[in-house]
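First the structure, in the form of structure tokens, and then the observations on it.
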Amino acid sequence: MAGTDMRAPSAYPSECARATAPGESRFRIDVPIRPARNARVIGLDERATAIAQRVAHRSWAKATFYTCQAASDAGTGDARIVLHRLDGRPVLLGEVLTGTDVVVVLATEDAGRQWAAAIGRLCGADGITTAGIVLGEDFEADDAVAALRPYARVLLLSADESDVTELLTALRV
Amino acid sequence: MLRKDINELLTQTGPGTPMGELFRQYWIPAMLAEELPENDSPPVRVKLLSERMLAFRDSEGRYGLIDEFCAHRGASLWFGRNEQAGLRCPYHGWKYDYTGQCIEVPSEADNSSFCQNVKLTAYPLVKIGDLLWTYMGDPAKQPPLPEFEFVHVPAEQTYTSKRWQQCNWMQAFEGGIDSSHVTFLHSGGLKTDPLFKGAKGNEYNMKDTKPFFEVADSEGGLFVGARRNAEEGTYYWRITPWVMPAFTMVPPRGDHPVHGHFWVPIDDENCWTYSFDYHPVRALTETERQAMIDGHGVHSKNIPGTYRPAANMDNDYLIDREAQKRGETYSGVAGIAMQDASLQESMGPIVDRSKERLVPADSGIIKARQKLRKAAVALRDEGVTPPGVDPEHHRVRSAAVVLPQAESFLDSCRDAVRATPGVPQSSV
Ligand code: FES
Ligand SMILES: [Fe+2]
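What follows is the structure in structure tokens.
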């Protein structure tokens with residue numbers, strides 16, 4: 001095999017064997033990993049909002065949480081849709097998405113399907129990775145799922161509340 | 001990202017550990033049936049879940065899986081004589097039957113009852129399909145035998161191989177539900193491997209390198225659906241089932257046999273990867289079977305007389321940088337199995353999951369870890385029987401289908417992901 005003859009005859013095991021020996025992990029560069037994601041978590045309906053509220057209480061590096069209740073439209077276009085922070089202050093969807101690189105959408109039923117579509121469209125256009133977490137055993141959220149499907153890089157179906165924490169923790173938000 | 005303590009919980013499977021206890025709820029593959037080819041054939045060392053045992057087949061064809069070491073002074077029974085319905089320690093002649101019961105202590109009087117009180121730990125060893133299965137848990141809770149389709153179709157329709165993988169079982173297993181690496185790592189194989197090539201699905205695979213994922217609970221574990229664009233208005237779905245704790249199936253390609261894996265911990269730094277291929281409704285052709293024996297598809301070419309792959313870490317997996325440059329292999333390592341193993345082993349014996357940087361596309365892995373952890377804790381704290389123990393959960397299949405964009409893979413594929421005898425796999 002080309003390349004092999006270049007190696008001096010040696011009594012040592014191969015590079016791979018040496019590199020993966022148990023003790024070698026001691027020499028891995030140990031730099032703390034900075035949070036990688038500037039995440040937005042959006043509850044699409046009432047139950048989803050309650051979950052967002054509970055999850056928001058944990059400590060997150062950068063994640064911020066929003067809700068879609070009290071629908072109102074500040075004008076035309078997806079970016080002008082109004083969301084609310086958990087303390088009730090309104091904010092435009094366009095603003096929410098500024099500077100983010102991952103949006104996690106929570107749904108428990110179909111009420112939020114229009115929001116889902118709008119968020120999906122806007123994230124798709126802006127290159128923001130979207131993940132959908134659909135909570136609950138029975139598929140009460142078929143329409144919301146269908147609205148998210150074209151845009152969400154990942155849909156976690158029949159999830160429970162701990163999946164939200166789990167996903168956000170894994171993503172280091 | 002996983003906290004250190006959770007990583008330890010998932011990766012340690014020795015006696016008394018939460019994951020170890022979880023594994024001890026299930027029937028797991030202990031070895032290939034070919035390793036004990038005939039009555040009184042030589043005994044075989046078997047290490048599983050950090051316990052060292054010895055497997056043998058006695059003069060009457062009964063399989064035994066017993067403590068490796070003689071109760072007298074601890075010699076390995078691997079040197080034992082397998083004769084006259086038992087295994088005799090060659091040191092001082094103590095003899096054991098297939099249940100580990102000592103049946104003869106030559107130094108004692110002929111009518112002594114001493115040996116009745118000597119019994120080695122033993123586990124059941126049962127042949128189903130081409131595998132010998134064991135159950136290492138509480139005998140009172142022994143579940144019914146496994147019903148995975150690959151061990152229940154007629155012998156001419158199935159083939160199983162195994163290989164030693166030099167890393168923790170989780171690392172290997174996570175590769176089994178990680179659909180997103182296929183378009184990169186295995187891209188060479190989709191074009192050339194005799195057990196993969198030619199399927200229509202491969203084109204979708206190659207054309208759309210950014211699949212979307214849907215992860216859904218199943219009774220025994222998960223279904224991970226990976227979706228790629230197909231013709232106008234349709235998606236190509238590849239559905240990977242996972243049955244807890246360690247059974248995964250690769251979605252099929254065309255009429256090629258369907259394949260999958262069983263990932264079994266040897267100890268915390270090694271595992272056995274069982275790789276199977278079967279066709280639900282027809283015999284494997286001579287060519288297919290030969291390709292499997294030659295290490296194509298999910299199988300590996302092993303060093304003759306062993307289950308260690310010929311390409312392994314000691315020879316840098318025979319990496320061929322020229323083939324990599326020419327585009328024949330993506331990583332320079334040949335064969336799907338060793339492409340996976342080389343990278344999983346490269347992480348080190350037990351990867352530090354507190355250092356990873358996961359992305360949403362890793363959701364299947366995130367969810368699987370969570371399910372394993374929850375099941376291990378529920379078993380430890382409340383004695384809850386985990387998913388996947390019930391043989392009903394074993395009757396799943398992988399599938400590869402093209403669906404209209406609006407359809408949910410779960411709704412459309414209920415039949416496709418069920419293993420129904422006599423019904424072919426759903427595949428494009
Ligand atoms: S790209 Fe996945 S491990 Fe490097
Ligand atoms: Fe792979």
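Residue numbers (this note's numbering), protein chains in the order written: chain A, 1 to 173; chain B, 1 to 428. Even for Gly, the Cβ is constructed at its ideal location relative to N, Cα and C. Keep in mind that this is a model prediction, so the values were computed, not measured.
Out of the options, point me to the one whose CA is closest to residue i's CA.
i, options, result
"D287(B)", "I303(B), Q324(B), Y159(B)", "What sits at residue 287(B) in the sequence shown is Thr, not Asp. Taking only the C-alpha atoms, the option nearest T287(B) is Y159(B)."
"R18(A)", "G20(B), D40(B), Q166(B)", "Q166(B)"
"R58(A)", "T165(A), A170(A), L171(A), L86(A)", "T165(A)"
"A419(B)", "V389(B), P106(B), L379(B), F148(B)", "F148(B)"
"P90(A)", "G136(A), T67(A), R26(A)", "T67(A)"
"T130(A)", "A117(A), V145(A), S158(A), Y151(A)", "Y151(A)"
"D40(B)", "M19(B), G64(B), N117(B), T17(B)", "G64(B)"
"P421(B)", "A378(B), Y278(B), P387(B)", "Y278(B)"
"Q116(B)", "P124(B), Q101(B), F56(B), A226(B)", "Q101(B)"
"A230(B)", "D217(B), M249(B), V215(B), K210(B)", "K210(B)"
"A147(A)", "V423(B), C413(B), G305(B), S408(B)", "S408(B)"
"P22(A)", "K200(B), D268(B), R308(B)", "D268(B)"
"A155(B)", "R321(B), G233(B), S218(B), L284(B)", "L284(B)"
"S187(B)", "R414(B), T329(B), P106(B), Y236(B)", "T329(B)"
"L125(B)", "V428(B), S113(B), D58(B), E108(B)", "D58(B)"
"C70(B)", "F56(B), P139(B), P90(B)", "P90(B)"
"V298(B)", "P386(B), M338(B), E219(B), M313(B)", "M338(B)"
"A122(B)", "L195(B), R326(B), R24(B), T99(B)", "T99(B)"
"G225(B)", "S342(B), S218(B), R238(B)", "R238(B)"
"G94(A)", "C16(A), G132(A), G124(A)", "G124(A)"
"I319(B)", "G332(B), M313(B), K325(B)", "G332(B)"
"G218(A)", "S14(A), E15(A), I42(A), P13(A)", "Because chain A in this structure spans residues 1 to 173, residue 218(A) falls outside the shown range and cannot be described."
"Y26(B)", "S161(B), L410(B), D5(B), P386(B)", "P386(B)"
Is the beta carbon of residue i sitting closer than 8 Å to the one on residue j?
i, j, result
"L222(B)", "G364(B)", "yes"
"A376(B)", "L22(B)", "yes"
"A246(B)", "F173(B)", "yes"
"P252(B)", "V258(B)", "yes"
"L54(B)", "G14(B)", "no"
"R80(A)", "L92(A)", "yes"
"T240(B)", "I177(B)", "yes"
"L10(B)", "L171(A)", "no"
"E83(B)", "L77(B)", "no"
"P18(B)", "R380(B)", "yes"
"N302(B)", "R308(B)", "yes"
"E161(A)", "I51(A)", "yes"
"L135(A)", "A56(A)", "no"
"A334(B)", "A361(B)", "no"
"D110(A)", "D87(A)", "no"
"H261(B)", "A199(B)", "no"
"L403(B)", "T234(B)", "yes"
"E214(B)", "L157(A)", "yes"
"G80(B)", "D97(B)", "no"
"V151(B)", "G129(B)", "yes"
"E219(B)", "H393(B)", "yes"
"V396(B)", "S426(B)", "no"
Along chain B, in chain order, which residues have C-beta atoms closer than 8 Å to that of residue i?
i, result
"D126(A)", "Within chain B, no residue comes near D126(A); the closest Cβ sits about 16 Å away, beyond 8 Å."
"E24(A)", "G348"
"L167(A)", "P360, S363, I366"
"A131(A)", "P360, S363"
"A48(A)", "What A48(A) touches in chain B: nothing, since even the nearest Cβ is about 18 Å away."
Run down chain A in chain order and give the residues with a C-beta less than 7 Å from the C-beta of residue i.
i, result
"K119(B)", "Residues of chain A passing the Cβ test: none, with the nearest at roughly 35 Å."
Given that residue i touches chain D, what residues does it touch there, using C-beta distances under 9 Å?
i, result
"C16(A)", "The chain labelled as chain D is not found among the protein chains of the depicted structure, namely A and B."
Which residues of chain A have a Cβ atom closer than 8 Å to the Cβ of residue i, listed in chain order?
i, result
"V215(B)", "V154, L155, L156, L157"
"D352(B)", "S25, R28"
At 7 Å on the CB atoms, spell out the chain B contacts of residue i, in chain order.
i, result
"P13(A)", "D314"
"R172(A)", "M1, R357"
"I119(A)", "Simply none; closest approach about 15 Å."
"I33(A)", "K355, R357"
"Y36(A)", "It should be pointed out that residue 36(A) corresponds to Ala in this sequence rather than to Tyr. Under the 7 Å cutoff, chain B gives R357."
Quick one: which chain A residues come within Cβ less than 9 Å of residue i?
i, result
"E269(B)", "P22"
Can you pull the chain B neighbours of residue i, defined as C-beta to C-beta under 9 Å?
i, result
"S162(A)", "Q370, K374"
"V145(A)", "E214, S408"
"V179(A)", "Nothing in the structure corresponds to residue 179(A), since chain A is present only between 1 and 173."
Is residue i near ligand 4, in the sense that its beta carbon is under 7 Å from a heavy atom of that ligand?
i, result
"T129(A)", "As for ligand 4, it is missing from this structure, which binds only ligand 1 and ligand 2."
>> Within 8 Å, do at least three Cβ pairs link the region 25–38 of chain B to the region 132–149 of chain B?
In response: Yes, they touch.
> What residues come near ligand 2, if near means a beta carbon less than 7 Å from any of its heavy atoms?
Replying inline: The set, ordered by position in the chain, is G175(B), H181(B), V182(B), L185(B), H186(B), I336(B), Q339(B), D340(B).
>> Does the contact criterion of 3 or more C-beta pairs under 8 Å hold for the region 100–119 of chain A versus the region 26–38 of chain A?
In response: Look at the beta carbons and you see the region 100–119 of chain A touching the region 26–38 of chain A: at least three pairs across the two are nearer than 8 Å.
> If you pair each beta-carbon of the region 365–374 of chain B with each one of the region 287–298 of chain B, do three or more pairs fall below 8 Å?
Replying inline: In this structure the region 365–374 of chain B does not touch the region 287–298 of chain B; the number of beta carbon pairs closer than 8 Å is below three.
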